[in-house]
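To start, the structure under review is shown below, and the notes come after it.
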Amino acid sequence: MTSASLSGRTVLVTGATSGIGWETARQLAERGATVLVHGRTAEEAQAATDRLIATAGIDAARLCAFAADFARLEEVEHLAHRIVQEHPHLDVLVNNAGMAAPERHTVTADGNEIAFQVNFLAHYLLTNLLEPALTMGHLQREARGEEPGGRVVSVSSSLHRTASIQWSDPNRARSYSRLAAYAQSQLALTVFASDPRVTAVSVHPGICETALLPVYAHQGATAAEGAAHVVRLCDPATEIVNGAYYDRDKRVDPAPIATEARTVKRLNKLASLLVGQNA
C-alpha cells in the first residue's frame, strides 16, 4: 500500500528525539512533510535531526530543530512564539513528549508535579499558544475539502482509564504514587483532546518498546509500529471524529469521565490557572 504524500504540510512533533516521537518525525518526513523536531535541549533536538538525515535520508531542508524543556513553562511559551513567527501556517501538532513520573514526588520550578506538567500542562499551554498558526490558512484547507483548522494529535495512554484527577491536590502532595501521577497526566491529556478549540484527537499507540515501557509491561511493539498509528491520524486523508479517542487504529470510547462536560470545564479552569492563561 502506497502512503499518500504529505508534501507541503508542516508538522510539529514534541518529544521527537527518541521513541515514538522520533519514529513519527521520520515517517512524516519520509512522506514529504516539513517536520519541526522538538527536543528538551537544542543539542538533543539537533542530534535527532542529524540522525534523521544520516539514517533515514531525509532532506535537511524539511527538518527544523526546536528546543524547550517542558518542565519550564517559560520555555514552552518561547517555543510557541518562535514557531508562530517562523512557521505561521502549522498543519498538525503532535503532542507526544512525555515522561514516567519519578519515584519521589517532584515539583517543577513552576510549582506543578513534574509528570502533570510535562505530560499535560505544557501541551495544554503549547496548543493554546499555537492556535493562531493552527487556524491560519483555513480557507485553503476548506478549498481542499479538509477541516478548516489544523489538527492536533495527542499521544495518550490506555492507563487514563485507571486514573482520577485530584482536583483539590493535582500535585498529589498529600498522597503520591508514581503510577497514579502518570495516569492522572494521561487522563488530563485525553480530557483536553475531547474538548478541542481546533480539530483534535487523542490516541493510545499501543504498548511499545520505549523509555515508558516499564510503566506498562516487559515487552511491546516497536516504536515504529506505535508511530504509524500517530502518523495515520496526522494524514488529512484519514477521516477522524473531532474530540475522539483512538486505541491504535480503532476509535473507541475513552473512560466515561474523559468526556463529561463538568470534568472538561473543571480541567480547563484548573489548567488555565496553573499555566497562567485565561480560559
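Each residue of the sequence shown is one higher than the one before, starting from 135 at the first, in our numbering. No residue lacks a Cβ here, since even glycine has one placed at the ideal position from N, Cα and C.
{"Asked": "Please give the ranges of any alpha helix (DSSP H) in the region 187-258, keeping only runs that are unbroken, at least 4 residues long and fully inside the region.", "Found": "207-220"}
{"Asked": "Count the other CB atoms, across all protein chains shown, that sit within 10 Å of the CB of proline 222; report buried if there are 16 or more and exposed otherwise.", "Found": "exposed"}
{"Asked": "So leucine 408 is in the alpha helix (DSSP H); what residue range does that whole segment cover?", "Found": "395-409"}
{"Asked": "Among residues of its own chain, excluding the 5 on either side of tyrosine 258, which ones have a beta-carbon nearer than 7 Å to its beta-carbon?", "Found": "Phe326, Ala405, Val409"}
{"Asked": "If we count Cβ pairs, one from each stretch, closer than 8 Å, do we get three or more for the region 315-334 versus the region 363-373?", "Found": "no"}
{"Asked": "If you count every other CB in all the chains shown that lies within 10 Å of the CB of proline 339, and 16 or more means buried, which is it?", "Found": "buried"}
{"Asked": "Compare the beta carbon distance of alanine 267 and valine 218 with 8 Å and say whether it is the shorter of the two.", "Found": "yes"}
{"Asked": "Report the partner residues of valine 145 according to the DSSP bridge assignment.", "Found": "Val169, Val226"}
{"Asked": "Helix or strand or just coil, what does DSSP make of serine 288?", "Found": "strand"}
{"Asked": "Quickly, what does DSSP pair serine 336 with across the bridge? List them, please.", "Found": "Ser288, Tyr379"}
{"Asked": "Contact between the region 149-159 and the region 178-198: three or more CB pairs below 8 Å?", "Found": "yes"}
{"Asked": "Comparing C-alpha positions only, which one of Val386, Glu164, Ser319 sits nearest to alanine 138?", "Found": "Glu164"}
{"Asked": "Quick one: residues in its chain with C-beta nearer than 8 Å to the C-beta of leucine 443, no 5 flanking neighbours on either side, listed in chain order?", "Found": "In the structure as shown, the chain begins at 135 and stops at 413. Residue 443 is therefore absent and cannot be evaluated."}
{"Asked": "What does the Cβ neighbour count give for serine 141, buried or exposed, with the cut at 16 atoms within 10 Å?", "Found": "exposed"}
{"Asked": "At the level of alpha carbons, what is the spacing between histidine 174 and valine 210?", "Found": "In the sequence under discussion, the amino acid at residue 174 is arginine, which differs from the histidine named in the question. Each residue's alpha carbon lies about 10 Å from the other."}
{"Asked": "Over the uninterrupted beta strand (DSSP E) stretch that includes arginine 312, give me the two end residues.", "Found": "Unbroken run through arginine 312 is the alpha helix (DSSP H), 312-327; no beta strand (DSSP E)."}
{"Asked": "Can you check DSSP and say which residues form a bridge with arginine 295?", "Found": "According to DSSP, arginine 295 bridges with nothing at all."}
{"Asked": "Output the distance between the C-alpha atoms of glutamate 157 and threonine 183, rounded to the nearest integer angstrom.", "Found": "12 Å"}
{"Asked": "Give me the DSSP bridge partner(s) of arginine 385.", "Found": "Tyr380"}
{"Asked": "Any idea what DSSP makes of alanine 307, helix, strand or coil?", "Found": "coil"}
{"Asked": "Can you name the start and end residues of the alpha helix (DSSP H) that tryptophan 156 belongs to?", "Found": "153-164"}
{"Asked": "Label glutamate 247 either buried or exposed according to how many other C-beta atoms from any shown protein chain fall within 10 Å of its C-beta, with 16 as the threshold for buried.", "Found": "buried"}
{"Asked": "Could you tell me the boundaries of the alpha helix (DSSP H) in which threonine 269 lies?", "Found": "265-269"}
{"Asked": "Checking 8 Å against the spacing of the C-beta atoms, do asparagine 230 and valine 147 come in under that value?", "Found": "yes"}
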